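Peer 1: Same order as they appear, the protein sequences are chains A and B.
Residue numbering for the first sequence follows our numbering, starting at 1 and increasing by one per position.
Residue numbering for the second sequence follows our numbering, starting at 752 and increasing by one per position.
Using N, Cα and C, we set each Cβ at its ideal position, and we do this for glycine too.
All values derive from a computational prediction rather than experimental measurement.
After the structure tokens below, expect a handful of questions from me.
Protein chains: 2
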Amino acid sequence: MNLAARLLGRRRRLLTVLLSQSRPKHFSESRWASINQATSLSRNAMDSVSGSFASLSINPVAHINHPETSSPATWRDALDANASSPNYQLIKTLVFKPKTAKSAAPVPVVVIARDETETNSSALGKHLNLKELRLAAEDLLAEFFHLDKNSLSPLALNQSTFPKVITVLDSSIVSSSSVFAVHALSSNSTIFLSGKDIAAYVKHLESDDHKVQEVDFSTLATSSTVPTATKQAPKEDAKIEGAVQIAIGVKKEVDFPGWYTNVLIKADMLDYYSVSGCYILKPWSYSIWEEITQWFNAHIKELGVQNSYFPMFVSQKVLEREKDHIEGFSPEVAWVTRAGSSDLEEPIAIRPTSETAMYPYYAKWIKSHRDLPLKLNQWNSVVRWEFKNPQPFLRTREFLWQEGHTAFLTKTEADTEVRQILDLYRRVYEELLAVPVIPGVKSEKEKFAGGLYTTTVEGFIPTTGRGIQGATSHCLGQNFSRPEMFNIVVEDPNDPTGQGKTYVWQNSWGLSTRTIGVMVMIHGDNQGLVLPPRVANIQVIVVPCGITARTTDEQRATINNACEDLAKTLKKSGIRAQSDLREGYTPGYKFNDWEQKGVPLRLEIGPNDLTKQQTLAVRRDNGAKQPIGLSDIGANVSALLDTIQNDMFTRAKNNYDACLKVVTRWEDFVPQLDNKCAVVVPWCETEECEDAIKERSAKASEPQDERAPSAGAKSLCIPFDQARWGQIASGQRCIACERDARRFALFGRSY
Amino acid sequence: MNLAARLLGRRRRLLTVLLSQSRPKHFSESRWASINQATSLSRNAMDSVSGSFASLSINPVAHINHPETSSPATWRDALDANASSPNYQLIKTLVFKPKTAKSAAPVPVVVIARDETETNSSALGKHLNLKELRLAAEDLLAEFFHLDKNSLSPLALNQSTFPKVITVLDSSIVSSSSVFAVHALSSNSTIFLSGKDIAAYVKHLESDDHKVQEVDFSTLATSSTVPTATKQAPKEDAKIEGAVQIAIGVKKEVDFPGWYTNVLIKADMLDYYSVSGCYILKPWSYSIWEEITQWFNAHIKELGVQNSYFPMFVSQKVLEREKDHIEGFSPEVAWVTRAGSSDLEEPIAIRPTSETAMYPYYAKWIKSHRDLPLKLNQWNSVVRWEFKNPQPFLRTREFLWQEGHTAFLTKTEADTEVRQILDLYRRVYEELLAVPVIPGVKSEKEKFAGGLYTTTVEGFIPTTGRGIQGATSHCLGQNFSRPEMFNIVVEDPNDPTGQGKTYVWQNSWGLSTRTIGVMVMIHGDNQGLVLPPRVANIQVIVVPCGITARTTDEQRATINNACEDLAKTLKKSGIRAQSDLREGYTPGYKFNDWEQKGVPLRLEIGPNDLTKQQTLAVRRDNGAKQPIGLSDIGANVSALLDTIQNDMFTRAKNNYDACLKVVTRWEDFVPQLDNKCAVVVPWCETEECEDAIKERSAKASEPQDERAPSAGAKSLCIPFDQARWGQIASGQRCIACERDARRFALFGRSY
């Protein structure tokens, strides 16, 4: 439901998915033609490569096609999802450009290395005697190789390109017995080669005066960049000494998608899974979902909603009952067609949402107005088999959610509930996750397929300047209850003739694990995750400090016991506290570890603290430190956690507000979007105008993928709180057309 | 996991599933031959029927094949699962035998009626002037029609059989415009015919002196069985007056399977679903599952287990990694092969259990003994696409469960946890559900596929004399961690050389919604469900009584308010209480309603109770009534609920104990099974002997379906509490062979 808007059928683009038709393990020259199906350019290039392979007796371990990849992580994902993939290591192919005089043509440096090899550019520049190596821009790649960076591989080197570049080969590849994955000149195609074969391919291009440079990056790094002092006293055990680099490694403001996945992995929230587009929710993220479910369950039960469970399977006949509705979902429905070794008589769908699965039973169960209201909810997972750009929590093929489905006698009751539920969604975001949202109603274009109207809470990611739909609460009206649909009808008790019938008024509403992704994006920083105390599995971590080589066993025990006692005391006050008494890890390592995982508050206890009967409190959200006395510690820490929760929300709210710009002239619209803002505009609310705004605000260079952060702006919602933006003046025109403006609407680029 | 034993691959029989290859909507005579594929007998008979159809111009609406059916409920289930089924009503075909002199040959009465028509046999006998009509035994059906009762239909009447029987046709069929389902002489095949065509078929068999008797059963029932008084004062609204028959209608001790499904439906626990073998868990049953999950979650978290969520999909490669293991599951794995309109490159399985899906990540995450123990649990649903005999809660294609997967450094730790978890399972059954179980270890034959050993809690259904596996906790040993499997290995911190490696010790354990089915079977009675207070969604229902036509509005309000206040008071004491102030329903109707739903305690308040400041308490479990003063009502009701909980357990325990027979001579073994008991026997514990026992104890007449309640006895467990059965004497022989007995084992027929 909260993902529904982007699923609307009428706005779908054709999904073109390249799935390999054959998955041969061994190759003959004659088979290459049938295998290379990517672009005609890369097909010709691959024909040439395969010719070389044949003459060099290179026999790839495997060659597979897969969905397009845009990073090492998605590449790995795609390979792991394919049963034909052998065990492999990724090869990265980087192109650097040295600083040259403006008039001189640059000679690019092509580095072929294991993905995990650290290819320090300054050390490499020093080694090659080249100034200021920088990663080359895409246009240089296009110019030299006619490829984008995601398709680049050692195979891009050929008789034509090799002489124009300096080629550097990671020497650890040459000597390795591993199998390596290289792109077959396309990001959706991968060949698996031995290290020897990669070296053989590259070296067959050598001439007498132009050779491949083999470089041992491990010694290169040491010899050129590491201070001598460190070399003299090598760490015994990196983990123990805290010397391991456990920071996030990618800056939030520089590479947001890379930062996001790194935070999730390093905070132990999630792991990639062998089925593409699916992810493992580890306890650190699942516990947040548990907090949300408990809170939400308690509140909907107060409203008289009951939990239930409907099967995950839906028969084709039932699924396809409501045409508008199914049109929104059908391209991504997963079908079971076989059980054991038997083909099923009819394919059976896995639910993408449960309206059509549930409502035949509503028709059966609701026989009288006395059976109303019927309010059922279920916590389950649904499947929407998206083919592109999976993103943890935001866009996954299976996701966890709740879906509520209610039926009422009157529209008034349905309207009231839509807003009650929406307010619970707002509170989940604002009170639990400290994420500000703007409640409002969706435009006609963006409403739920088959419904009457959709309400939403809209979040915003300031780092990318994009809006994100938080959760949606739909009034379905009588669209599903009407006689030609599910025919959910009762005698109208208010009809004086006693003959009147009423088709019930229905709502549906859903909140998914997307909540967790939004929270991470809003609060996380370059140290990793930052958790709001309300949903943190561990709210307080107690770390013993000041233990040195001279500390006696007894002193150590005293400090450890004090930490343990402190954690116990806090637990008694209802605080989720834990002490970290792990042996063999430095305090520094532990600090990093828990910061990365976003624990809201760290309490340190060392010998001096014990003497003073205090602990040093360090906040994760702003790094502020303060000593707190151990007496009445429970109440003080509780209060501090509340402060953190409130401060996190206030900070996020201020950031959101700073990105909200009231714009009344079209000339200011796109500049504000480009300025990473959302705009509040007087709007006519017509679909035609929304289409036009989207087109006029799109950046020409960005791809128009509905699912990817969209380039054109769309209406995020028409906020309920109109008064906040003043009043639409009489005669005020729409921001984008000649019609009269009706209300202020929130527009923005979005996820 | 708790369902695992019956899934063991080596004990599988071949599943023969009749799925129709063609699903024509219209028929020509020439197509009958290809359609009728059941038995050769019914095929010949159907050839003859289709010949008649052709000559009578009867054109069936549809004809489908489906899994075998054994009752109207399973038939309906099978039809609803088939997309080719039109809207239909079931036809029942009953054969009665009148009382005749022993020497006389009986003339059977064949009744063809709508399934819901009440075909009162005494009224019918009176109408036909036949004495004591009784349902005919199976052998009579075989003799006359060569069919069992599940395959019988109007089509069994032909030129040969029609003259030998009296044929009664429900007149409401003849005049109906509905489409009716009739078996095509086989319980796995159904033809849809109009009422007119059914009548035409039957009537074309008529001769001058042998006619079909059309009977209007609705008037027949009224005219012959309903007392005149009732006719004179017809009820206005059956619902309001409480006159509707809402009792279960089938006796537990007579037709246990029919009773079971009736209780579930009428108690509002469950509804059938349009995909066969799947069921809707309505709030009344789902709330029991919520109670179980909350209790179990709290206890496993104390043990350091963390919740997580793994995707429902498993790649084929991963699923098939462990051969013994997958052999147990593969015949019933559901495969997704298509998404939207695209075929997937590789079919993807829906998890039947998650060992092989999770353990590759265990191998990745467990890098050091410091990462141990790893204890994860997930609450999810799994799919096992069984083709036969679905049974709500006990055997369903999708079911809810938890699956715990843990890894330890040592076998000792793993052993300890296996038993800790098993004891939690025992407590779920005994303390929450008031169902006694016997904890023990499974025999080698019955253990989990791929594991080291399996522990279990075994329940018993006295009504049927069959054991039922409650839940299982497995030690997997190092079978999944060894190098050729998932290679989950750490350096052994206890190895003095520092070189030693240890493959981790693993457990897995699961508890499913089967718990709910067992609870219903144990406690339910002929009034319906009986819920133990600990898991009842509503523990106490407060019903206003003594309101008559002469009651003033004010008196009515006083009584209603008192009920409402009482419910509120009880809620404050932590009791799940509710008042039933529904207008227009009599107290009698409400009593029935809540009894059927199994609410543990009813409190009645009438005018006299108010005067005396008391309420009449009526226990659901034993019907006992007692007045309770309204002062200190919370504590008194709490105590009474505890008493009910304890009494229910004690009663069930006594029933179980009474069915446990220690048997030391083979001659007593089968008679005790036939006596609906389980037997405790000295046993040698060899697989060979278990196979022999099974064979020797099977009833020849019962089908040998592993999934159906099995006819041969199997070992249920080797109880941990051996002392309860005395001591195995030195030199004591096995009950069934010449080997020495090792321990007492529990054997029985089982589900």
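On the criterion of 16 or more Cβ atoms from any shown chain inside 10 Å, does B:Tyr-1502 qualify as buried, or is it exposed?
Peer 2: The residue is buried, with at least 16 neighbouring Cβ atoms inside 10 Å.
Peer 1: I need the boundaries of the alpha helix (DSSP H) containing A:Leu-193, first residue and last residue.
Peer 2: First-last for A:Leu-193: 189 to 194, but that is the beta strand (DSSP E), not the alpha helix (DSSP H).
Peer 1: Note down, in chain order, every chain A residue with its Cβ under 8 Å from the Cβ of B:Arg-1089.
Peer 2: Correct list: Ala-334, Trp-335, Thr-337 and Pro-347.
Peer 1: Can a CB atom of chain A be found closer than 8 Å to the CB of B:Pro-823?
Peer 2: No, B:Pro-823 does not count as interfacial toward chain A.
Peer 1: Taking only heavy atoms of the ligand FMN into account, decide whether any of them is closer than 7 Å to the Cβ of B:Gln-1290.
Peer 2: Looking for the ligand FMN in the displayed structure turns up nothing, as the structure carries no ligands at all.
Peer 1: Here's a check: name, in chain order, each residue in its chain whose Cβ is nearer than 7 Å to the Cβ of B:Leu-1145, leaving out the five neighbours to either side.
Peer 2: Once the five neighbours on either side are set aside, the close Cβ partners of B:Leu-1145 are Arg-1265, Gly-1268 and Tyr-1502.
Peer 1: Return the residue from the list A:Ile-628, A:His-523 and A:Asn-120 that minimises the CA-CA distance to A:Glu-132.
Peer 2: Nearest option by C-alpha distance: A:Asn-120.
Peer 1: Have a look at B:Glu-819, B:Gly-946, B:Asp-798 and B:His-961 and flag the residue whose alpha-carbon is nearest the alpha-carbon of B:Lys-1139.
Peer 2: Among B:Glu-819, B:Gly-946, B:Asp-798 and B:His-961, the Cα nearest to that of B:Lys-1139 is on B:Glu-819.
Peer 1: State yes or no: is the beta carbon of B:Arg-1490 nearer than 8 Å to at least one beta carbon in chain A?
Peer 2: For B:Arg-1490, the answer is no, since every Cβ of chain A falls outside 8 Å of its Cβ.
Peer 1: Using a beta-carbon distance cut-off of less than 9 Å, what residues from the stretch 300 to 330 of chain A approach chain B?
Peer 2: Result list: Gln-306, Asn-307, Ser-308, Tyr-309, Phe-310, Pro-311, Met-312, Phe-313, Val-314, Ser-315, Gln-316, Lys-317, Val-318 and Ser-330.
Peer 1: Going by the beta-carbon positions, is the gap between B:Val-747 and B:Glu-1181 smaller than 8 Å?
Peer 2: Chain B is shown from 752 up to 1502; residue 747 of chain B falls before or after that span and cannot be answered.
Peer 1: B:Leu-1127: buried (16+ other C-beta within 10 angstroms of its C-beta) or exposed?
Peer 2: So B:Leu-1127 ends up on the buried side.
Peer 1: Near B:Asp-921, what residues of its chain come up, given a Cβ to Cβ distance below 7 Å and the 5 sequence neighbours on each side ignored?
Peer 2: Contacts found: Ile-863, Ala-864, Arg-865, Thr-868, Val-966 and Phe-968.
Peer 1: Determine whether the beta carbon atoms of B:Trp-1434 and B:Arg-1493 lie at a separation below 8 Å.
Peer 2: Their beta carbons are under 8 Å apart, which means B:Trp-1434 touches B:Arg-1493 by this criterion.
Peer 1: Return the chain-ordered list of same chain residues with a C-beta closer than 8 Å to the C-beta of B:Ala-1318, the five sequence neighbours on each side being excluded.
Peer 2: Here the set comprises Val-1291, Val-1293, Ala-1328, Gln-1329 and Ser-1330.
Peer 1: So that I know if they touch, is there some Cβ in chain B lying closer than 8 Å to that of A:Ala-745?
Peer 2: Chain B contact via Cβ: absent.
Peer 1: Taking just the CA atoms, how far does B:Ser-927 sit from B:Leu-898?
Peer 2: Roughly 28 Å between the two C-alpha positions.
Peer 1: Flag this pair as yes or no: are the beta carbons of A:Ser-189 and A:Val-179 separated by less than 8 Å?
Peer 2: It is not a contact, given that the beta carbons lie outside the stated cut-off.
Peer 1: Report the rounded CA-to-CA distance for B:Cys-1029 versus B:Glu-1149, giving the unit in angstroms.
Peer 2: About 6 Å.
Peer 1: If A:Val-435 sits next to A:Met-519, beta carbons under 8 Å apart, how far is it from one beta carbon to the other, in whole angstroms?
Peer 2: That pair is a contact at about 6 Å.
Peer 1: Do the stretch 1081 to 1094 of chain B and the stretch 329 to 343 of chain A touch if we need at least three Cβ pairs shorter than 8 Å?
Peer 2: Cβ pair count under 8 Å is three or more, so yes.
Peer 1: Where A:Ala-414 and A:Ala-298 are concerned, what is the direct C-alpha to C-alpha distance, given to the nearest angstrom?
Peer 2: Near 20 Å, if we compare the C-alpha coordinates of A:Ala-298 and A:Ala-414.
Peer 1: Would you mind giving the Cβ-Cβ distance between A:Tyr-201 and A:Ile-326, rounded to the nearest angstrom? I have them listed as a contact below 8 Å.
Peer 2: With a Cβ gap of about 50 Å, A:Tyr-201 and A:Ile-326 do not count as contacting.
Peer 1: Which residues bound the alpha helix (DSSP H) around B:Cys-1314?
Peer 2: Run containing B:Cys-1314: 1304 to 1323, per the alpha helix (DSSP H) assignment.
Peer 1: I need the straight-line Cα distance from A:Leu-79 to A:Asp-632, nearest angstrom please.
Peer 2: Between A:Leu-79 and A:Asp-632, the C-alpha separation is close to 55 Å.
Peer 1: Determine the chain B residues that contact A:Trp-666 at a beta-carbon separation under 7 Å, and present them in chain order.
Peer 2: Residues of chain B passing the Cβ test: none, with the nearest at roughly 38 Å.
Peer 1: Determine which residues of the stretch 391 to 404 of chain A have a Cβ less than 9 Å from any Cβ of chain B, and write them out in chain order.
Peer 2: Against chain B - using a Cβ distance shorter than 9 Å - the residues of the stretch 391 to 404 of chain A are Thr-396, Arg-397, Glu-398 and Leu-400.
Peer 1: Looking at the C-beta of A:Ile-280, does it have a partner C-beta in chain D at a distance below 8 Å?
Peer 2: In the structure shown, chain D cannot be found, because the protein chains are A and B.
Peer 1: Report yes or no: do three or more beta-carbon pairs, one from the stretch 1050 to 1064 of chain B and one from the stretch 1192 to 1203 of chain B, lie closer than 8 Å?
Peer 2: At 8 Å Cβ cutoff, the stretches do not touch.
Peer 1: From what residue to what residue does the alpha helix (DSSP H) around B:Ile-1016 run?
Peer 2: Unbroken alpha helix (DSSP H) run through B:Ile-1016: 1007 to 1017.
Peer 1: Quick check on the DSSP output: the beta strand (DSSP E) that includes B:Arg-1217 runs from which residue to which?
Peer 2: B:Arg-1217 -> beta strand (DSSP E) spans 1217 to 1228.
Peer 1: Are three or more beta carbon pairs between the stretch 580 to 591 of chain A and the stretch 644 to 651 of chain A nearer than 8 Å?
Peer 2: They do not touch, by the three-pair rule.
Peer 1: Under 8 Å, with one C-beta from each stretch per pair, do the stretch 669 to 679 of chain A and the stretch 630 to 646 of chain A reach the 3-pair mark?
Peer 2: No: fewer than three Cβ pairs fall under 8 Å.
Peer 1: When you compare the CB of A:Asp-385 with every CB in chain B, is at least one pair closer than 8 Å?
Peer 2: The sequence as given places Trp at residue 385 of chain A; Asp does not occur at that position. For A:Trp-385, the answer is yes, since a Cβ of chain B falls inside 8 Å of its Cβ.
Peer 1: Would you mind telling me which residues of chain A sit closer than 7 Å to B:Ala-834, beta carbon to beta carbon, in chain order?
Peer 2: The answer, in chain order, is Ser-315, Gln-316, Lys-317 and Glu-346.
Peer 1: By Cβ distance, which residues of its chain are closer than 6 Å to A:Glu-604, with the 5 residues on each side in sequence left out?
Peer 2: Cβ within range, chain order: Val-543, Cys-545 and Leu-616.
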